[in-house]
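Visitor: Mind looking over this structure? Questions follow.
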Amino acid sequence: MAEAGSYSEARTGNWLWALLVGAILLVMELILFAALVPAAWSERVRDTERVWLHEGLGATTADAVVERAERWYDMLFVSPGLVETSYRITLPNDEDVERAGALSPLATLPLWTWVAGRLEVIWAALHQALQRLAMVIAWWPFFLLLLATAWGDGWVRRRIRQSGFAYASPLAHAYGLRGIVVVFVLSGLVLFLPLPVPALGVSVVGALVAVLVGTIVANAQKRL
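Counting from 1, one number per residue, gives the positions in the sequence shown under our numbering.
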């Protein structure tokens, strides 16, 4: 029992470590995104991805995805005033210039144009991430069918292995779990990737997850 408890604690620790690493990588990606990506490039990525979205999912589904992303963005960032506040506390307005007195010429420095561009890129990245998340959700019937099929196939393979007195592979099981963690961490990073993501790429990720799920179920260890 002690060994089972140690294994469970180690597995929980591995998941927490993977989540921590993923969160750190995400923050680093956002920092690099905000510092290096030009606003014109960010806009070009959005336009290209919307074209691919219409080509991959059709006009009706694509419009529904965009509308859902717009609704989420307004609910999370615009309505609470986060977007407006970020510009207000970061960029000098007319009142700030008047109060600055002799320092008012500093308000004309190119620095503020650069800062405004960085804010625009950051909010565009968050909007793009929500649109990509909405695109993933649009595939849920395909994911549900794929995962159910993979789970059933893995269960059948496990029963066949048990009837033949063959042992499940703990290595394959462990690699399957790690593979799913890696896929989800990378998928989180792709949400903010400053490159256009094709809509059909979601189906490829779903197929990969299904293969890993089938491997995990087929090699599940006997519970004591």
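All C-beta atoms, glycine included, are put in the ideal place defined by N, C-alpha and C.
The structure presented is a predicted model; accordingly, all values stated were derived computationally and were not measured.
(1) As a quick exercise: from SER86, ALA138, PRO92, PHE143, pick the residue whose alpha carbon is nearest that of VAL121.
(2) Is it buried or exposed for VAL27, if we count other Cβ within 10 angstroms and need 16 for buried?
(3) Mind pulling the beta strand (DSSP E) runs of 3 or more residues that sit fully within the region 49-102?
(4) Out of curiosity, what's the CA-to-CA distance linking ALA62 and SER169?
(5) Do SER187 and VAL205 have their C-beta atoms closer together than 8 Å?
(6) Can you give me the Cβ contacts of VAL211 inside the same chain, cut-off strictly under 8 Å, excluding the 5 residues immediately before and after it?
(7) Helix, strand or coil: how does DSSP classify TRP114 here?
(8) Using CA coordinates, which residue listed in VAL202, GLY176, LEU200 is at the minimum distance from ALA218?
(9) So, are the CB atoms of VAL183 and VAL209 less than 8 Å apart?
(10) If we ignore side chains and look at the alpha-carbon of each, how far apart do ALA116 and GLY154 end up?
(11) To the nearest angstrom, how far is the alpha carbon of TYR73 from that of ALA124?
(12) What residue range does the alpha helix (DSSP H) around ALA148 cover?
Guide: Here's the rundown:
(1) In the sequence shown, counting from the first residue as 1, residue 121 sits at position 121. When only C-alpha atoms are compared, the closest one is SER86.
(2) Against the sequence shown, residue 27 aligns to sequence position 27. Label assigned to VAL27: exposed.
(3) none
(4) The sequence position of residue 62 within the sequence shown is 62, counting from 1. The sequence position of residue 169 within the sequence shown is 169, counting from 1. Looking at the two C-alpha atoms, the distance is approximately 42 Å.
(5) As a position in the sequence shown, residue 187 is number 187, starting the count at 1. As a position in the sequence shown, residue 205 is number 205, starting the count at 1. Going by C-beta atoms, SER187 is nearer than 8 Å to VAL205.
(6) Counted from its first residue, the sequence shown places residue 211 at position 211. Here the set comprises ALA150.
(7) Here residue 114 refers to the residue found at position 114 of the sequence shown. In this structure, TRP114 counts as helix in the three-state DSSP scheme.
(8) Residue mapping note: residue 218 aligns to position 218 of the sequence shown, counting from 1. Measuring from the Cα of ALA218, the nearest candidate turns out to be GLY176.
(9) Translated into the one-based positions of the sequence shown, residue 183 becomes position 183. Translated into the one-based positions of the sequence shown, residue 209 becomes position 209. Yes, the Cβ-Cβ distance between VAL183 and VAL209 is below 8 Å.
(10) Residue mapping note: residue 116 aligns to position 116 of the sequence shown, counting from 1. Residue mapping note: residue 154 aligns to position 154 of the sequence shown, counting from 1. Rounded to the nearest angstrom, the two C-alpha atoms are 52 Å apart.
(11) One-based indexing of the sequence shown puts residue 73 at position 73. One-based indexing of the sequence shown puts residue 124 at position 124. If you take the alpha carbons of TYR73 and ALA124, they lie about 10 Å apart.
(12) Here the question's residue 148 lines up with position 148 in the sequence shown. Element bounds for ALA148: 140-163.
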